[in-house]
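Below is one structure, written out as structure tokens; comments come after it.
Structure representation (structure tokens):
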């Protein structure tokens, strides 16, 4: 995107109450179609890689679990896997299963959160309220196991900080049955609705070639036909001991990504049930005294995609370099491929389809490319999106 | 107490600002709207513009890029207004205090432009929705 | 390809590399100098068909390093290219964004944090540091001072509405009324 001439742009302040992150998009349009899109980030840059170099190895998991509130189990897991690779240690089997259970519970509530937000953007506030209500039992279960609804602080180098008591397992399985019933109902309600089909099918298509060129990961990639999943490709925790499927869809549109996420909720419940029944006995952590010089990489499949951490150590007790890559960093720039050419009314849902760590479609400003007038801001774009749904509903009767 | 303050206490409309948080506190705030916690029974509503708000909910250790925007939003809210500072990062920068891009905490940033600002703190990482509702209502009851 | 075939394929590019380190059966490091980096990256992305993960900039002991991480998903192997930039005064390395758009943002970020130049990059603008962060101060370099640079003075009305300066060369048109 090169700008030869100066164009007036309106940067809007924090607008919609449901889009929390401060990020600023600029769309250039021609009539109803988007011709260019650009983004300013920096509002959320906290310098975590710099802070990591001032902390000790065992303090860093607490820092990285706060990189993102909703992937707060995947980041520390990827980090401790990187450090365990440097130290050459393997945690005990029970720790691997506990890590699996917590990560999958997080996947369930994160996908349910996304479903709710997507529903809100296209005007289905009931879906929003239901999805967020039915994710509460998952958060309560996590609170019983780890002590907190988010930011569990449960992994450490060498295993887990806390065990799941055996008395809790029957209750957990019973709660999962209830959760599965409600999630099943929600999934059927969303997938069977003809208006949602009309609204989401064919929208924001990311082709398989673009998915490879933009190096996307997670449901964004699996919804475009790229069958990549770190849990299967480079197994960690207990995933290679359990029986589950990788969900892929070839279409590449927003509906495909929604289907991938919804069906993954059911797969996650399947994984947790197996892990809970096969939970081995034994200690839940080993002592790791020193981290020798070296470098290691750790990966985990967060709800949004592959989380990657690289750690380099020089034998001291702090990392010399710690690189954090969240999946949204590669997923969000793919909007260049999926948004250009689509309607303005579809922009909010296309941007939300990559599930950018909360939903960063606030701060949208639309600039008319011919006469340089600003047409509408973030809230109006959501209104446009909902109006399109209403029109489709009217035409379907 | 002034009649404006009395009116504010009954059904405060809040405007939410994220100044560089991990989104946990923001998700818990939005959770307050959902059926399990249902904050609308107190008349509390999230509004889309600072001009309509009675109270400001701020999360996040203020990043350098977000710093002038937070001050701008504070100036746009009609006074008197209450600033609720939610979460450990906003109350005192939390775990990010050595960051090179962090300019918080929120009360320092706001007091620099308005020493008379009314600020209430709800700590936690993240504070549970019950804690947020309880903190907000307790603060309003003593104003 | 299975892992043995992958190892054989990687040996084809050996003439551009200083060394191939195999830290584990599925962790391979390819060491090369900065001038060969573009060819090695192109080989991995196009010929081997590995997936780009991310790039890491490091301020090493005596030189800068840029690590390009790739994942070969058929075997779960992580292949990392370690490119050494020996010139500390004006570090630069050829950008891979022309054939890999997924690397555009990370190269902008490394430029912001380390000051490494990427000739050939289509759009080198500031990405993650604030608008008023001073030019030439690179936070993740080892010799950068730990004192934070002072922020710019707050001018009411200038912040939100007019900050169309987020994109260079673009002006804003609306005054925020106070």
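Residue numbers (the working numbering), protein chains in the order written: chain A, 965 to 1361; chain B, 428 to 570; chain C, 1397 to 1574. We put the beta carbon where it would ideally sit given N, CA and C, even for glycine.
Proximal residues, the region 1186-1204 of chain A versus chain C, C-beta separation under 9 Å | Shown in chain order are the members of the region 1186-1204 of chain A whose Cβ falls below 9 Å from a Cβ of chain C: 1190, 1191, 1192, 1193, 1194, 1196, 1197, 1198 and 1199.
Which residues bound the alpha helix (DSSP H) around residue 502 of chain B?
-> Sequence index remark: in the second chain, residue 502 of chain B carries index 75 (1-based). Under the DSSP assignment, residue 502 of chain B falls in the alpha helix (DSSP H) whose first and last residues are 494-503.
Along chain C, in chain order, which residues have C-beta atoms closer than 7 Å to that of residue 530 of chain B?
-> As a working mapping, residue 530 of chain B is identified with position 103 in the second chain. Per Cβ cutoff of 7 Å: 1547.
Same chain, Cβ closer than 6 Å to residue 1418 of chain C, neighbours up to 5 away in sequence not counted = As a working note, residue 1418 of chain C is residue 22 in the third chain. Counting only Cβ-Cβ distances below 6 Å, and skipping sequence neighbours, we find 1424.
Which residues in chain A sit within 9 Å of residue 1465 of chain C, going by Cβ to Cβ distance?
-> Counting from one through the third chain, the residue named residue 1465 of chain C turns up at place 69. What residue 1465 of chain C touches in chain A: 1261, 1272, 1274, 1287 and 1289.
Is there contact here, the region 1400-1408 of chain C with the region 476-485 of chain B, by at least three beta-carbon pairs under 8 Å?
-> Counting C-beta pairs with one atom in each stretch, the region 1400-1408 of chain C and the region 476-485 of chain B have fewer than three that are closer than 8 Å, which means they do not touch.
How many angstroms separate the CA atom of residue 1334 of chain A from the CA atom of residue 993 of chain A?
-> Here residue 1334 of chain A refers to the residue found at position 370 of the first chain. Here residue 993 of chain A refers to the residue found at position 29 of the first chain. Low confidence applies here, because residue 1334 of chain A scores a pLDDT of 48, under 50, leaving its location unreliable; read the following figure in that light. If you take the alpha carbons of residue 1334 of chain A and residue 993 of chain A, they lie about 9 Å apart.
Sorted by chain position, which residues of the same chain lie with C-beta nearer than 6 Å to residue 1128 of chain A's C-beta, five sequence neighbours on each side aside?
-> The sequence position of residue 1128 of chain A within the first chain is 164, counting from 1. Within the same chain, residue 1128 of chain A has close Cβ partners 1062 and 1109.
For residue 1418 of chain C: DSSP bridge partner residues | The count along the third chain starts at 1 and reaches residue 1418 of chain C at position 22. Under DSSP, the beta-bridge partners assigned to residue 1418 of chain C are C:1424.
Please find out if some non-hydrogen atom of the ligand NAP comes closer than 8 Å to the beta-carbon of residue 456 of chain B.
-> This structure does not include the ligand NAP; it has no bound ligands of any sort.
Hey, would you say residue 1462 of chain C sits closer than 9 Å to residue 1512 of chain C, going by beta carbons?
-> Locating residue 1462 of chain C in the third chain gives position 66, where the first residue counts as 1. Locating residue 1512 of chain C in the third chain gives position 116, where the first residue counts as 1. Taking 9 Å as the Cβ cut-off, residue 1462 of chain C and residue 1512 of chain C qualify as a contacting pair.
What's the gap between the Cα of residue 545 of chain B and the Cα of residue 451 of chain B?
-> Your numbering for residue 545 of chain B matches position 118 in the second chain. Your numbering for residue 451 of chain B matches position 24 in the second chain. Counting only the Cα atoms, residue 451 of chain B lies some 24 Å from residue 545 of chain B.
Could you tell me which of A:1249, A:1255 and A:1175 sits nearest to residue 1216 of chain A, measuring between CA atoms?
-> As a working mapping, residue 1216 of chain A is identified with position 252 in the first chain. Checking every option, the nearest Cα to that of residue 1216 of chain A belongs to A:1175.
Tell whether a beta-carbon distance below 9 Å holds between residue 482 of chain B and residue 508 of chain B.
-> Residue mapping note: residue 482 of chain B aligns to position 55 of the second chain, counting from 1. Residue mapping note: residue 508 of chain B aligns to position 81 of the second chain, counting from 1. If you check the CB distance, residue 482 of chain B and residue 508 of chain B come in under 9 Å.
Buried or exposed by the 16-neighbour rule on C-beta atoms within 10 Å, applied to residue 1306 of chain A = Along the first chain, one-based indexing puts residue 1306 of chain A at 342. With 16 or more Cβ atoms within 10 Å of its Cβ, residue 1306 of chain A is classed as buried.
Hey, does residue 1530 of chain C have any beta-carbon neighbour from chain B nearer than 9 Å?
-> Residue 1530 of chain C sits at position 134 when you count from the first residue of the third chain. Residue 1530 of chain C does not count as touching chain B.
Would you kindly check if the distance between the Cβ of residue 1019 of chain A and the Cβ of residue 1069 of chain A is under 9 Å?
-> Here residue 1069 of chain A refers to the residue found at position 105 of the first chain. Here residue 1019 of chain A refers to the residue found at position 55 of the first chain. At least 9 Å separates the beta-carbon of residue 1069 of chain A from that of residue 1019 of chain A.
Consult DSSP for residue 461 of chain B and reduce its assignment to one of helix, strand or coil.
-> The count along the second chain starts at 1 and reaches residue 461 of chain B at position 34. Collapsing the DSSP output to three states places residue 461 of chain B in coil.
Closest by CA to residue 1274 of chain A, which one among A:1054, A:1316, A:1263 and A:1083?
-> Here residue 1274 of chain A refers to the residue found at position 310 when the first chain is read from its first residue. Sorting A:1054, A:1316, A:1263 and A:1083 by C-alpha distance to the C-alpha of residue 1274 of chain A places A:1263 at the top.
According to the Cβ coordinates, are residue 1428 of chain C and residue 1488 of chain C closer than 9 Å?
-> Translated into positions along the third chain, residue 1428 of chain C becomes position 32. Translated into positions along the third chain, residue 1488 of chain C becomes position 92. No, they are not a contact pair.
Start and end residues, beta strand (DSSP E) containing residue 1467 of chain C = Here residue 1467 of chain C is taken as the residue at index 71 of the third chain, counted from 1. Residues 1460-1468.
Does residue 1300 of chain A have its Cβ less than 9 Å from a Cβ in chain C?
-> Counting from one through the first chain, the residue named residue 1300 of chain A turns up at place 336. Interface residue, yes.
With distances taken from CA atoms, which of A:1346, A:1165 and A:1185 is nearest residue 1308 of chain A?
-> Taking the first chain and counting its residues from 1, the one referred to as residue 1308 of chain A is at position 344. Ranking A:1346, A:1165 and A:1185 by Cα distance to residue 1308 of chain A puts A:1346 first.
With 9 Å as the threshold, decide whether the Cβ of residue 1494 of chain C is near any Cβ in chain A.
-> Walking along the third chain from the start, residue 1494 of chain C turns up at place 98. Not an interface residue.
Go through its chain and collect everything with a Cβ distance to residue 1337 of chain A's Cβ below 7 Å, but skip five positions before and after it.
-> For the purposes of this step, residue 1337 of chain A is taken as the residue at position 373 of the first chain. Note that residue 1337 of chain A has pLDDT 46, beneath the 50 cutoff, so the model's placement of it is unreliable and the number below is only indicative. Excluding positions up to five away in sequence, the list is empty.
From the beta carbon of residue 1448 of chain C, is the nearest beta carbon of chain A less than 9 Å away?
-> For this step, residue 1448 of chain C is matched to residue 52 along the third chain. Closer than 9 Å: yes.
Have a look at A:1126, A:1140, A:1101 and A:1097 and flag the residue whose alpha-carbon is nearest the alpha-carbon of residue 1111 of chain A.
-> Along the first chain, one-based indexing puts residue 1111 of chain A at 147. Residue 1111 of chain A has its Cα closest to that of A:1126, out of A:1126, A:1140, A:1101 and A:1097.
Taking the alpha-carbon positions, what's the residue 525 of chain B to residue 1015 of chain A distance?
-> By 1-based counting over the second chain, the position of residue 525 of chain B is 98. By 1-based counting over the first chain, the position of residue 1015 of chain A is 51. C-alpha separation (whole angstroms): 6 Å.
Between residue 1221 of chain A and residue 1184 of chain A, which are expected to be in contact by the criterion C-beta below 8 Å, what is the C-beta distance as a whole number of angstroms?
-> For the purposes of this step, residue 1221 of chain A is identified with residue 257 of the first chain, where counting begins at 1. For the purposes of this step, residue 1184 of chain A is identified with residue 220 of the first chain, where counting begins at 1. 6 Å between Cβ atoms; contact.
With 7 Å as the C-beta to C-beta threshold (strictly closer), list the residues of the region 987-1013 of chain A near chain B in chain order.
-> Result list: 1006, 1007, 1008, 1009, 1010 and 1011.
Chain C beta carbons: is any one of them nearer than 9 Å to that of residue 537 of chain B?
-> Counted from its first residue, the second chain places residue 537 of chain B at position 110. No, no contact with chain C.
Pick out whichever of C:1412, C:1529 and C:1492 has its Cα sitting closest to the Cα of residue 1178 of chain A.
-> Sequence index remark: in the first chain, residue 1178 of chain A carries index 214 (1-based). Of the listed residues, the one whose Cα sits closest to residue 1178 of chain A is C:1492.
Going by other Cβ atoms of all chains shown within 10 Å of its Cβ, with 16 needed for buried, is residue 396 of chain B buried or exposed?
-> The requested residue 396 of chain B does not occur in the structure, where chain B is confined to residues 428 to 570.
Since I believe residue 998 of chain A is in contact with residue 1288 of chain A (beta carbons under 8 Å), could you give me their beta-carbon distance rounded to a whole number of angstroms?
-> For the purposes of this step, residue 1288 of chain A is taken as the residue at position 324 of the first chain. For the purposes of this step, residue 998 of chain A is taken as the residue at position 34 of the first chain. With a beta-carbon spacing of about 31 Å, residue 1288 of chain A and residue 998 of chain A fall beyond the 8 Å limit used to define contacts.
For residue 996 of chain A, which of A:1356, A:1359 and A:1349 has the nearest alpha-carbon?
-> Locating residue 996 of chain A in the first chain gives position 32, counting from the first residue. Checking every option, the nearest Cα to that of residue 996 of chain A belongs to A:1349.
Whole-angstrom distance between residue 1466 of chain C and residue 1411 of chain C, CA atom to CA atom | The residue you call residue 1411 of chain C lines up with position 15 of the third chain. The residue you call residue 1466 of chain C lines up with position 70 of the third chain. Spanning the two alpha carbons is a distance of roughly 20 Å.
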